[in-house]
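All remarks here apply to the structure that follows.
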Amino acid sequence: MSSKLIRGTFILTFGTILSKVLGLLYVIPFYQIVGSEGTALYQYSYIPYTIFISIATAGVPLAVSKFISKYNAIEEYAVGRKLFKSGLLIMLITGFASFLILYLSAPFLAEWIFPKNDKEVASSIKDITTVIRAVSFALIVVPFMSLIRGFFQGHQSMGPSAVSQVVEQIVRIVFLLAGAFIVIHILDGSIVTAVSVATFAAFIGAIGSLVVLFLYLYKRKPHLDELLRQDRGTVKISLREIYKEIIVYAAPFVFVGIAGPLFQAIDQVTVTRALMEMGNSEAAAKAAFSILNFESHKIVIIPVSLATGFSLALVPSITKAYVENNRRDLNTQLNQSFQIMLFLTLPAAVGISLLAEPVYTVFYEHKMLGTEVLSVYAPVAILFALFLVTAAILQGINEQRFTVLGLLVGLLIKLSLNIPLINLFGTKGAVLSTALGYTVSILIYIFVIKKFAGYPFKLVWRRSLLIVIFAGLMWVGTGLIYQLLSLFLSPESKFQSLIIIMISAGVGVIIYFYLGLKSGLLTRLFGNRVERLKSKLGMGS
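Structure, rendered in structure tokens:
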């Protein structure tokens, strides 16, 4: 089970990371095509788009995977198949309903983002409405697609989700960049039209993902039918009972899925106003908000992809161990999951924070406020990761109610402290309030896991200390190389910043993984494959 968990986790994690990296890199050429006005217009639709997409997708794959995994564990395969067949129709209906809600509410959402009395807004309410409506079409397909992903994950098969995720992102980005380029440089169209095409790319990407999933369904059908023939048939459950259970599972997932957007929404309605009240110009306040909520966030979210993969892969396996009351297997999986997540996320967050100046320059431009915010924001990625993983564990042990409680408490802290901390620390105060909100949510989740799962954290604390020491040594080595390179390379230049990042990060990776290999930590976390790697590197014991 442990080996299968790691394999499934890595497949899904790799797909998630690749998808997130692609989702970051496209910003660079997109900015060159549409300019600052276009990226600003694109950003205006970001919060409502993300919240609606999260509501449509966050609950379905995990809830369905948990439900199917639960009944597969007791060899009641027909129950999961019954859910799948009826669920496809339900998802089509709810997807179309979500589309209508977002499409029809676009004018209201546009006014919420930028009130009509704001005369300096570059894009009109009508333009923002057009962009939001263009992205709303994706909601027709995404819930349907999410159900199929959840079906595969419930069968402990992470490949279809990972591959479809990557294909979705590639198709979306190609359509986005090509469409925007054609509108602007060939058809001589407007920025609004180009950005609308770019947001409509979400629908095209979802179609591409759906094609991949259908191919997997066709290929796996014989195996799935064979499982159905092995069904014990002792459980009789109606569709009403099935969907009642799914709703109970899905609701907390939805809250967890929209956690990030809700934290960002608080920043959206408070940061600009607070900075202006401190004496900043409207232009400077909006620029600071963009740096915080879009530019830095795009970079910080990459290490969080590691946790996203774990949160998706954890639920079915933990559910199975919990249902079977296999405490030893459950504790082993939790030990590995916490440690692997921290082992991979911590150095990435530390590295981005240390190299914030050249990293920000490479992706955007050299800007001191951007560097300062990114440097402070990057370590918060560790909290994002812990939040996702601990929340996923709560789903696996049937304590969904506490995910909502923890999130609401965290949001309350964010809302209460955001403006006071901005008054004290400027834009970085918003980062600090986010960190405090997530920290409290995580502490609540950890307490619940310890109490209801009887999980001892002693081993994780010990290994975490070791990982922190390794990350600290990596930070020292990387910092020394960075300072040395800064003597003759400038982080104000994109090309020179890229060289600084490649060399400094390369040294950091070597130091960190060498320590992991030499100490045996990598072997404990990743198994026999690491022993083979050590032999090839001449590091065998």
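Counting in this note's numbering, the final residue of the sequence shown is number 652, and the numbers go up one at a time with none missing.
Note that the Cβ used here is the ideal one computed from N, Cα and C, for glycine as well.
* Asked: Is histidine 334 helix, strand or coil by DSSP?
  -> For this step, residue 334 is matched to residue 223 along the sequence shown. Looking at histidine 334 - three-state DSSP - the assignment turns out to be helix.
* Taking the alpha-carbon positions, what's the histidine 334 to phenylalanine 498 distance? -> For the purposes of this step, residue 334 is taken as the residue at position 223 of the sequence shown. For the purposes of this step, residue 498 is taken as the residue at position 387 of the sequence shown. Cα to Cα, histidine 334 sits roughly 35 angstroms from phenylalanine 498.
* Looking at C-alpha atoms only, which residue of Tyr475, Gln506 and Tyr549 is the closest neighbour of leucine 609? -> For this step, residue 609 is matched to residue 498 along the sequence shown. For the set Tyr475, Gln506 and Tyr549, the Cα lying nearest the Cα of leucine 609 is the one of Tyr475.
* Kindly provide the ranges of any alpha helix (DSSP H) runs that are 4 or more residues long and lie completely inside the segment 179-262, ordered along the chain. => 188-224 and 236-247
* How big is the Cα-Cα spacing for serine 349 and lysine 355? -> In the sequence shown, residue 349 corresponds to position 238, counting from 1. In the sequence shown, residue 355 corresponds to position 244, counting from 1. Cα to Cα, serine 349 sits roughly 10 angstroms from lysine 355.
* Asked: Looking at the structure shown, is lysine 629 part of a helix, part of a strand, or coil, going by DSSP?
  -> In the sequence shown, the residue the question calls residue 629 occupies position 518. In the three-state reduction of the DSSP assignment, lysine 629 falls in the helix class.
* In the structure shown, what three-state DSSP assignment does asparagine 391 receive? -> The sequence position of residue 391 within the sequence shown is 280, counting from 1. If DSSP states are grouped into helix, strand and coil, asparagine 391 belongs with coil.
* valine 94 versus proline 218 - alpha carbon distance -> Residue 94 cannot be examined here, being either before or after the span of the chain that is shown, 112 to 652.
* Local conformation of asparagine 404 per DSSP, three classes -> As a first step, residue 404 is located in the sequence shown; it is residue number 293 there, counting from the start. The answer is helix: DSSP assigns asparagine 404 an H, G or I state.
* To do: With a threshold of 16 other CB atoms inside 10 Å of the CB of glutamine 523, please say whether the residue is buried or exposed.
  => As a working mapping, residue 523 is identified with position 412 in the sequence shown. The sequence given here places leucine at residue 523; glutamine does not occur at that position. With fewer than 16 other Cβ atoms within 10 Å, it is exposed.
* **Residue from Arg635, Ile410 and Phe263 with nearest C-alpha to threonine 482** => Counting from 1 along the sequence shown, the entry for residue 482 is found at position 371. Cα-wise, what sits closest to threonine 482 is Ile410.
* Tell me which same chain residues have a C-beta within less than 6 angstroms of the C-beta of threonine 345, skipping the five on either side of it? -> As a first step, residue 345 is located in the sequence shown; it is residue number 234 there, counting from the start. Hits under 6 angstroms: none found.
* CB of tyrosine 549 within 9 angstroms of CB of phenylalanine 374, strictly -> Within the sequence shown, numbered from 1, the residue matching residue 549 stands at position 438. Within the sequence shown, numbered from 1, the residue matching residue 374 stands at position 263. Taking 9 angstroms as the Cβ cut-off, tyrosine 549 and phenylalanine 374 qualify as a contacting pair.
* Measure the alpha-carbon distance for leucine 136 versus arginine 351 and round it to whole angstroms. => Counting from one through the sequence shown, the residue named residue 136 turns up at place 25. Counting from one through the sequence shown, the residue named residue 351 turns up at place 240. Each residue's Cα considered, the two are about 44 angstroms apart.
* To do: Using three-state DSSP, classify phenylalanine 296 as helix, strand or coil.
  => For the purposes of this step, residue 296 is taken as the residue at position 185 of the sequence shown. The sequence given here has histidine at residue 296, not phenylalanine. It is helical.
* Asked: Just checking my contact of serine 320 with methionine 256 at CB under 8 angstroms: how many whole Å lie between their CB atoms?
  -> Within the sequence shown, the letter at position 209 stands for residue 320. Within the sequence shown, the letter at position 145 stands for residue 256. Their Cβ separation, rounded to whole angstroms, is 6 angstroms, which keeps serine 320 and methionine 256 in contact under 8 angstroms.
* Asked: Would the beta-carbon of alanine 291 fall within 9 angstroms of that of asparagine 534?
  -> As a working note, residue 291 is residue 180 in the sequence shown. As a working note, residue 534 is residue 423 in the sequence shown. Not closer than 9 angstroms, so no.
* Asked: If you draw a straight line from the alpha carbon of isoleucine 622 to that of alanine 221, how long is it in whole angstroms?
  -> Sequence index remark: in the sequence shown, residue 622 carries index 511 (1-based). Sequence index remark: in the sequence shown, residue 221 carries index 110 (1-based). Spanning the two alpha carbons is a distance of roughly 49 angstroms.
* Asked: Is the segment 545-561 in contact with the segment 576-587, if contact means three or more CB pairs nearer than 8 angstroms?
  -> Short answer: they don't touch.
* Asked: Count the other CB atoms within 10 Å of the CB of phenylalanine 495; is the residue buried (16 or more) or exposed (fewer)?
  -> One-based indexing of the sequence shown puts residue 495 at position 384. With 16 or more other Cβ atoms within 10 Å, it is buried.
* Extent of the continuous alpha helix (DSSP H) run through glycine 583 -> The residue labelled residue 583 in the question sits at position 472 within the sequence shown. Counting along the chain, the alpha helix (DSSP H) containing glycine 583 begins and ends at 569-596.
* To do: Answer with buried or exposed for lysine 431, where buried requires no fewer than 16 other C-beta atoms within 10 angstroms of its C-beta.
  => The count along the sequence shown starts at 1 and reaches residue 431 at position 320. The residue in question, lysine 431, is buried, as its Cβ has 16 or more Cβ neighbours within 10 Å.
* Asked: alanine 313: which of Leu584, Val246 and Ile560 sits nearest, CA to CA?
  -> Numbered from its first residue, the sequence shown carries residue 313 at position 202. The option with the nearest alpha carbon to alanine 313 is Val246.
* Does the separation of the CB atoms of lysine 131 and valine 415 fall below 9 angstroms? -> Within the sequence shown, numbered from 1, the residue matching residue 131 stands at position 20. Within the sequence shown, numbered from 1, the residue matching residue 415 stands at position 304. Yes, they are a contact pair.
* Asked: Could you give the residue range of the alpha helix (DSSP H) that holds glycine 565?
  -> For the purposes of this step, residue 565 is taken as the residue at position 454 of the sequence shown. Where glycine 565 is concerned, there is no enclosing alpha helix (DSSP H), given that its DSSP letter is neither H nor E.
* Asked: Start and end of the alpha helix (DSSP H) containing glutamine 444?
  -> The residue labelled residue 444 in the question sits at position 333 within the sequence shown. Glutamine 444 -> alpha helix (DSSP H) spans 438-465.
* **Closest by C-alpha distance to isoleucine 162, when choosing among Ile243, Asp238, Phe178 and Ala184** => Along the sequence shown, read from residue 1 onward, the residue named residue 162 stands at position 51. For the residues Ile243, Asp238, Phe178 and Ala184, the minimum Cα distance to isoleucine 162 belongs to Ile243.
* To do: Return yes when the Cβ of tyrosine 566 is within less than 9 angstroms of the Cβ of leucine 441, no when it is not.
  => Position 330 of the sequence shown, counted from the first residue, corresponds to residue 441. Position 455 of the sequence shown, counted from the first residue, corresponds to residue 566. Taking C-beta atoms as the reference points, leucine 441 and tyrosine 566 count as a pair closer than 9 angstroms.
* Just mark phenylalanine 563 as buried or exposed, buried being the case when its beta carbon has 16 or more other beta carbons within 10 Å. => As a position in the sequence shown, residue 563 is number 452, starting the count at 1. Under this definition phenylalanine 563 is an exposed residue.
* Measuring CA to CA, which of Gly631, Gly590 and Phe637 is closest to serine 615? -> Sequence index remark: in the sequence shown, residue 615 carries index 504 (1-based). Of the listed residues, the one whose Cα sits closest to serine 615 is Gly590.
* Tell me whether the beta-carbon of valine 145 lies closer than 9 angstroms to the beta-carbon of isoleucine 295. => The residue labelled residue 145 in the question sits at position 34 within the sequence shown. The residue labelled residue 295 in the question sits at position 184 within the sequence shown. Contact: yes.
* To do: Could you say which of Leu133, Asn446, Phe364 and Leu326 lies nearest to isoleucine 166 if we only look at CA atoms?
  => Against the sequence shown, residue 166 aligns to sequence position 55. That would be Phe364, whose Cα lies nearest to the Cα of isoleucine 166.
* Best match in Phe400, Gly462 and Ile158 for proximity to glycine 617 [C-alpha to C-alpha] -> Against the sequence shown, residue 617 aligns to sequence position 506. Just measuring C-alpha positions, the residue of Phe400, Gly462 and Ile158 sitting nearest glycine 617 is Gly462.
* Asked: Where does glycine 537 sit, in a helix, a strand or coil, going by DSSP?
  -> Taking the first residue of the sequence shown as 1, we reach residue 537 at position 426. DSSP places glycine 537 in the coil class of the three-state scheme, outside both helix and strand.
* Asked: What is the DSSP secondary structure of valine 346, reduced to helix, strand or coil?
  -> The residue labelled residue 346 in the question sits at position 235 within the sequence shown. Coil at valine 346, not helix or strand.
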